[in-house]
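To start, the structure under review is shown below, and the notes come after it.
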Amino acid sequence: MAENKNPYGFRYIGAKRRTKEDPRFVTGCGRFVADIALPGMKHVAIVASPHASARIVSIDTKAALAAPGVHYVLTGEEFCRDTDALAIGVDTPKVTRYALANGVVRYAGEWVAAVVADTRALAEDAAELIEVEYETTQHVVDPEIAVKPDSPQVHPAHGTNVLFHRRFVWGAVDEAFEKAQNKVKLRVRWGRSSTVPIETFGVAAQWDAGRELLDVWASIQMPKFPDQLARAMRLPGNAVRVHYDVDVGGSYGVKRGIKHTVLVSYLAKKLGMPVRFLEDRLENMRGGDMHGPDRLFDMQAAFDNDGTIRALKIRALDDVGAYAGRSPLQLGKPVSAICGPYRIKAVEYEPTSVMTNKTPQEAVRGFGQAPTNFALERTIDHIARHLGMDRIELRKKNLLQKEEFPYLIPSGSTYDSGDYHAVLDKALAAIDYPSIVAMRDAARKAGKLAGIGISTCLEPSGGNSAFEPLFNPKNDTTTWMDSCLVRVDLSGAITGIMGTSSAGQGHETLVSTVVGEVLERDPATVRVIRADSLNALPSNSPVGSRMAIMLGGAAAGAARIIKETLIEIAAHNLGCTIETIEYKDGNVAVRGHPEKKMLWDDLIAIAHRKYHKMPPGLEPGLQAKFVWEVPTGGTLPTADGVAQIYPCYSFETHIVYAEIDRETAKPELKRYVCGHDCGVMINPDIVHGMTYGGIAHGIGAALYEKFSYTEDGQLESGTFMDYLMPSAMEVPMVDIVDHCTPSPLTTFGQKGSGEAGYLGAPAAIANAINDALAPLNASIETLPMSQNDLWRVISAAGTGSR
Amino acid sequence: MNEKLYPVTVEVNGKPRSTQVPARLSLVDWLREELRLTGTHVGCEHGICGACSIMLDGEPVRSCLMFAVQADGHKITTVEGLGGTDGKLSVLQDSFCEAHGLQCGYCTPGMLIASQALLNTTPDPSEAQIRDAIGGNLCRCTGYRQIVDAVKLAATRLAAQKK
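If you read the protein sequences in the order shown, they are chains A and B. Its first residue numbered 1, the first sequence is counted upward by one per residue in my numbering. Its first residue numbered 803, the second sequence is counted upward by one per residue in my numbering.
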């Protein structure tokens, strides 16, 4: 296949290249957790609570234990006695959480008992025979009630449903509000949805009693997973071996089945049998603990008549469900881009994380940034409407100019680089903005509801989780390193070894491309493997749009050491200084003396076999590790809440033209362009693919997807028939326009892109729908804007008003 | 463990397979667990996501909504049977690689089955026909764009081969 001309001047980086991963998936040769069959493996079925809040009076397991093929029934009493509680992101030690409820259930779907049997079907048969007697207790599902002192308490020992609350003030907010010529206030709501990968979570575990070693294969994307598992199992870290060479069938943040894994590991160890648990879809949606942010924003903005935005006040109330986990921290990441891509010098931010009797929240693509971007962009549109100002003009006035970078925002992070105006202009040109305005106006004249939405948003990237110490003073973590080991074997073949699992992000392609670039060897010949946790160098896993930056940087660092070693070997054997050596395609020659040369194979042979030709002091063999700290990392927040969080900031703008059918209220996205700048793209197909996918995910969050609850705390949308993921029929043809502002902080100028699309799509779609509703003097500020919701709004507004 | 077993004979990827199965065993579980054809994936087990799609006598069907006993006497093609017997990728499989029409690979077998079924009957599909054909298959990674591109590319290549 011919390679496209490279826009960045690199050999492999940025070129059109096939991925390393795709061939195994198109032939059915992936290796997912459900494909792992261990000899003698047993299977787990779960008994879940039907109540949102109840005391467990009794559990009768006799009939289940007597059922065919059943090996064990585990309940919370034993499990909570013999394992330790799961880790919590904030300082709330009384909000304990285990895989199985012990005496009390706190949400409908919470796991109460686990059955182990020869097959999944037999385990499910037996699970139906378990009789649990409950005594229901008061529950709360409304977060605004849950924050009140007299609310029913999800964890009475904690004393309140509030997990975290703080009021941050960065800059002269009150002064700006006093002096501002204009103010707006609005309330917007981001509904409870999630990433919902097509593969549910699964885990298989095996205990080797002779070696005292727990082996785990899981569909995992989670930092510090082996460590948390070992702690909960009361095992030393080196008694747990997590195999990262498992293909993960989509994650986008949520594949963190730590509770599932502790449960299965405990059963495997207790029974001395390999045990596997695969969620079914209902289990995944109800008891899988993978819901996303469910967030209410009260926004205020202060601005001048010319559109200059002076200050923001943001209150965010996030309903995290019945347990804490890391979910309160999803209010923390947005601190790193709290003013969006805009020059806003004073911001007040008051996040509150509150528990209710619902399925717990897990990390979702963007870690809280997409809801915040949505709230910011609705605010921008409200300001434009208040002033009667064009929304693009308003954005351009407040967007940072490219000369202003690096730019320190009030909350303490520095934006590395960007050219927001250029990206917006490119996108406007690509969609032919005047033509969609004409299309909208003509549609309106013809009696249709039509609107245009724009968003301009940031994707903080580099995965430096410095919001942890900001939200929990007892946590003083300041490094989120990643690493790579590069090895050249005796045959001269190159292998890159990474220490985490992949869920479709193309890490093997990333490492091979970067290593190939540095060593000037064809990436197609570079093998990339994923070590297990006992073999691996430290990694913080692919979270926070970090791998292009962090794993890419680590792989390049390791490859550079290999290259330097080869040059040293050459200089020693050619009798010259390293400065005079020219390296090309893995071969070397003395500058100006092309006859004095050594080939790749010669150098490799020396490194592996001919110690007498090695320069003194160099290790034989040929391998190098590189552990990279996140650029700009290493510091703790100040006492008043100023923190340098993420290193790199990608920018995206979305322009959407939408129509809503007046009779059925069905929305249709008729034109869609996304302008995107994530610096240098290592593999453009991968970046574009993730961006298209993020946009589709954002369309779901904006229009279709919701984990809806009844007043009784029952999940109403636990299947794909009522939790509606967009199909190819709902996602329009999207066009992406690329721009490249390299990051000065990274190896090749790359930034993160794993959350691209999702961070700006919901905001733009919400703006388009509201533009369509504007002639009716109607609006909708709650996501998802379902067809029913739109129908109600349109009906209430009447059909005649313009 | 004393479930009654029923004999079934099915042609899977060109090879006859005979076995005894309990009535309640789903077709996908039989393919995956007994034949170890793990390329076909289970996503929702209620017939919506399409990851478990296979071809039954040339028509795409959900193997999670069928029992193995119902396949008796039929011909099945799974993702493992799409490529050539020489191990080469089919034009469609190769086009998915070229257009990067996948990421995590979990929905991919279903997408390949649905698009191959389309190409078998509609050699020159429009974008709308492609979207309709894969409209019953959910993908969370790609936003469908590169899948549509891959199917278009495969159609173009297949047409060129015929000339």
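All C-beta atoms, glycine included, are put in the ideal place defined by N, C-alpha and C.
Per-residue contacts from residue i into chain B (C-beta, under 8 Å)
| i | result |
| --- | --- |
| Ile-695 (chain A) | Gly-945 |
| Pro-410 (chain A) | Residues of chain B passing the Cβ test: none, with the nearest at roughly 34 Å. |
| Pro-197 (chain A) | Cys-906, Tyr-908, Arg-942 |
| Met-721 (chain A) | His-848, Ile-850 |
| Phe-546 (chain A) | Checking the sequence shown, residue 546 (chain A) turns out to be Arg, not Phe. Those do not exist, as Arg-546 (chain A) stays about 17 Å from chain B at its closest Cβ, beyond 8 Å. |
| Val-734 (chain A) | Gly-945, Arg-947 |
| Asp-280 (chain A) | Glu-847 |
| Ala-692 (chain A) | Checking the displayed sequence, the identity of residue 692 (chain A) turns out to be Tyr instead of Ala. Thr-944, Gly-945, Tyr-946, Arg-947, Gln-948, listed in chain order. |
| Ile-392 (chain A) | Ordered by position in chain B, no residue passes the 8 Å Cβ test against Ile-392 (chain A), which lies about 25 Å from the chain. |
Cβ neighbour criterion (16 or more within 10 Å) applied to residue i
| i | result |
| --- | --- |
| Gln-138 (chain A) | exposed |
| Asp-432 (chain A) | exposed |
| Ser-491 (chain A) | exposed |
| Glu-730 (chain A) | buried |
| Tyr-98 (chain A) | buried |
| Ala-446 (chain A) | exposed |
| Met-721 (chain A) | exposed |
| Leu-408 (chain A) | exposed |
| Gln-221 (chain A) | buried |
| His-654 (chain A) | buried |
| Glu-861 (chain B) | exposed |
| Val-44 (chain A) | buried |
| Ala-962 (chain B) | exposed |
| Ala-2 (chain A) | Residue confidence is low: Ala-2 (chain A) scores 39 on pLDDT, short of 50, so the model does not pin down where it sits. No coordinate-derived value is stated. |
Residue i versus residue j - alpha carbon distance
| i | j | result |
| --- | --- | --- |
| Ile-88 (chain A) | Val-810 (chain B) | 52 Å |
| Gln-206 (chain A) | Gln-228 (chain A) | 17 Å |
| Ala-807 (chain A) | Asp-888 (chain B) | Since the first residue of chain A shown is 1 and the last is 802, residue 807 (chain A) is not available in this structure. |
| Phe-10 (chain A) | Met-550 (chain A) | 19 Å |
| Lys-397 (chain A) | Ala-302 (chain A) | 15 Å |
| Ala-268 (chain A) | Ala-370 (chain A) | 39 Å |
| Gly-875 (chain B) | Glu-813 (chain B) | 7 Å |
| Val-360 (chain A) | Pro-156 (chain A) | A small fix is needed here, since residue 360 (chain A) is Pro in this sequence, not Val. The alpha-carbon atoms of Pro-360 (chain A) and Pro-156 (chain A) are separated by roughly 17 Å. |
| Gly-30 (chain A) | Asn-573 (chain A) | 45 Å |
| Gly-340 (chain A) | Pro-726 (chain A) | 27 Å |
| Asn-767 (chain A) | Glu-393 (chain A) | 15 Å |
| Gly-907 (chain B) | Ala-570 (chain A) | 43 Å |
| Ile-949 (chain B) | Ser-650 (chain A) | 25 Å |
| Gly-202 (chain A) | Ala-384 (chain A) | 48 Å |
| Lys-610 (chain A) | Cys-674 (chain A) | 55 Å |
| Gly-253 (chain A) | Arg-546 (chain A) | 12 Å |
| Gln-181 (chain A) | Leu-312 (chain A) | 14 Å |
| Glu-595 (chain A) | Ala-589 (chain A) | 7 Å |
Residue i beta carbon near the ligand FMN (any heavy atom closer than 7 Å)
| i | result |
| --- | --- |
| Ala-204 (chain A) | With respect to small molecules bound, the structure shown includes none, and the ligand FMN cannot be examined in it. |
Residue i - partner residues in DSSP beta bridges
| i | result |
| --- | --- |
| Asp-60 (chain A) | A:Glu-131 |
| Ile-650 (chain A) | Checking the sequence, you will find Ser at residue 650 (chain A) rather than Ile. BP columns for Ser-650 (chain A) point to A:Glu-459. |
| Lys-597 (chain A) | A:Ala-589 |
| Met-690 (chain A) | Partner(s): none; Met-690 (chain A) has no beta bridge. |
| Thr-782 (chain A) | A:Arg-189 |
| Phe-32 (chain A) | A:Asp-247 |
| Pro-351 (chain A) | A:Ala-316 |
| Leu-278 (chain A) | A:Gly-202 |
Amino acids of chain A, ordered along the chain, whose beta-carbon sits closer than 9 Å to that of residue i
| i | result |
| --- | --- |
| Leu-960 (chain B) | Chain A residues near Leu-960 (chain B): none, gap ~16 Å exceeds 9 Å. |
| Glu-882 (chain B) | Thr-27, Gly-28, Cys-29 |
Interface partners of residue i on chain A, CB under 7 Å
| i | result |
| --- | --- |
| Ser-937 (chain B) | With the sequence shown as reference, residue 937 (chain B) is identified as Gly, and Ser is not the correct amino acid for it. Those within 7 Å of Gly-937 (chain B) in chain A are Ser-727, Ala-728, Met-729. |
| Thr-879 (chain B) | Neighbours of Thr-879 (chain B) on chain A: none; closest Cβ ~11 Å, over 7 Å. |
Partner residues on chain A for residue i, Cβ-Cβ distance less than 8 Å
| i | result |
| --- | --- |
| Arg-819 (chain B) | Correct list: empty, because the minimum Cβ distance to chain A is about 16 Å. |
| Gly-885 (chain B) | Thr-27 |
Neighbouring residues, chain B, relative to residue i (Cβ below 9 Å)
| i | result |
| --- | --- |
| Arg-18 (chain A) | Cys-899, Glu-900, His-902 |
| Ile-686 (chain A) | His-902, Gln-905 |
Contact set between residue i and chain B, taken where Cβ atoms lie within less than 7 Å
| i | result |
| --- | --- |
| Asp-22 (chain A) | Phe-898, Cys-899, His-902, Leu-904 |
Could you run through the stretch 842 to 872 of chain B and flag, in chain order, every residue whose CB is less than 8 Å away from some CB of chain A? Thr-842, His-843, Val-844, Gly-845, Cys-846, Glu-847, His-848, Ile-850, Cys-851, Ala-853
Which residues, in chain order, does the stretch 34 to 46 of chain A contribute to contact with chain B at a C-beta distance below 7 Å? Answer set for the stretch 34 to 46 of chain A: Ala-34, Asp-35.
With 7 Å as the limit, tell me which residues of the stretch 891 to 921 of chain B have their beta carbon closer than that to any beta carbon of chain A; keep them in chain order. Leu-891, Gln-895, Phe-898, Cys-899, Glu-900, His-902, Leu-904, Gln-905, Cys-906, Gly-907, Tyr-908, Cys-909, Thr-910, Pro-911, Leu-914
Check distances from the C-beta atoms of the stretch 242 to 261 of chain A to those of chain B and list, in chain order, the residues that come in under 9 Å. Asp-247, Val-248, Gly-249, Gly-250, Ser-251, Tyr-252
What residues from the stretch 488 to 517 of chain A come within 9 Å of chain B, judged by C-beta to C-beta, listed N to C? Ser-502, Ala-503, Gly-504, Gln-505, Gly-506
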